[in-house]
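Residue numbers (my numbering): -7 to 193.
1. Exposed or buried, which one is residue 148 when buried takes at least 16 other CB atoms within 10 Å?
2. Can you list, in chain order, the residues of its chain whose CB lies under 8 Å from that of residue 20, leaving out five sequence neighbours each side?
3. Any idea what DSSP makes of residue 62, helix, strand or coil?
4. Would DSSP call residue 136 helix, strand or coil?
5. According to the Cβ coordinates, are residue 101 and residue 12 closer than 8 Å?
6. At a Cβ threshold of 8 Å, is residue 110 touching chain C?
7. Under a three-way DSSP split, which group does residue 146 fall into?
8. Which of the three DSSP states is assigned to residue 177 in this structure?
9. Note down, in chain order, each residue of its chain lying with its Cβ closer than 7 Å to the Cβ of residue 107, except the 5 sequence neighbours on either side.
10. So what does DSSP say about residue 127, is it helix, strand or coil?
11. Going by C-alpha to C-alpha distance, which of 170, 109, 22, 6 sits closest to residue -3?
12. Ends of the beta strand (DSSP E) at residue 91?
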């Protein structure tokens, strides 16, 4: 199924608690949680497994609903109950899907480590390389990330205000580290010297 760019309300259309969920084949989706105009955002892309009807918000002290948006037209495979029955004789299918779900949690943990950095430019530089590890493409000029990341979305991903993000991006560009290339981003040089510290622990 194809989901166009824009606000997305999964609603009951895709709900199938007995299935695995939605497997994102292409495009990018953002899941936001927050209140009073302050949001934490999770960027989801090809290879991620989603269960948009599954949320802890209904059981929170103050109930909330996540907000979904599609930032690049997405194509998803609905892995419903019928699919689960057909795949049952092949346990490695379930293993691979569990692997995808666990990888998503690992990426979230790395995102939390990134936002702990005190400087916004370092958060952004680390975030870009984290995204490059997932969806980057290496070329003669550097590593290209074909993800439509606006300054506002980057601010949500690194827990910073938009003006601070714009200033930090200008600094990274002046240092020759990150360059906007139309709807894509080009990373030059290598990752930060201490980028591997994200993997510690």
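No residue lacks a Cβ here, since even glycine has one placed at the ideal position from N, Cα and C.
Reading off the structure:
1. Of the other Cβ atoms in all chains shown, 16 or more fall within 10 Å of the Cβ of residue 148; this residue is therefore buried.
2. Around residue 20, the same chain offers 35, 36, 37, 62, 63, 64, 66, 139, 140 as residues with beta carbons nearer than 8 Å, after the five sequence neighbours per side are excluded.
3. Strand.
4. Residue state, collapsed to three classes: strand.
5. With a cutoff of 8 Å on beta-carbon distance, residue 101 and residue 12 are scored as not near each other.
6. Note that chain C does not occur in the displayed structure, where there is just one protein chain.
7. Note: residue 146 maps to helix in three-state DSSP.
8. In this structure, residue 177 counts as strand in the three-state DSSP scheme.
9. If we look at residue 107 and ignore the five residues flanking it on each side, its Cβ neighbours are 115, 150, 151.
10. Residue 127: helix per DSSP, three-state reduction.
11. Answer by Cα proximity: 22.
12. If you look at residue 91, you'll find it isn't in any beta strand (DSSP E); it sits in the alpha helix (DSSP H) that goes 83 to 107.
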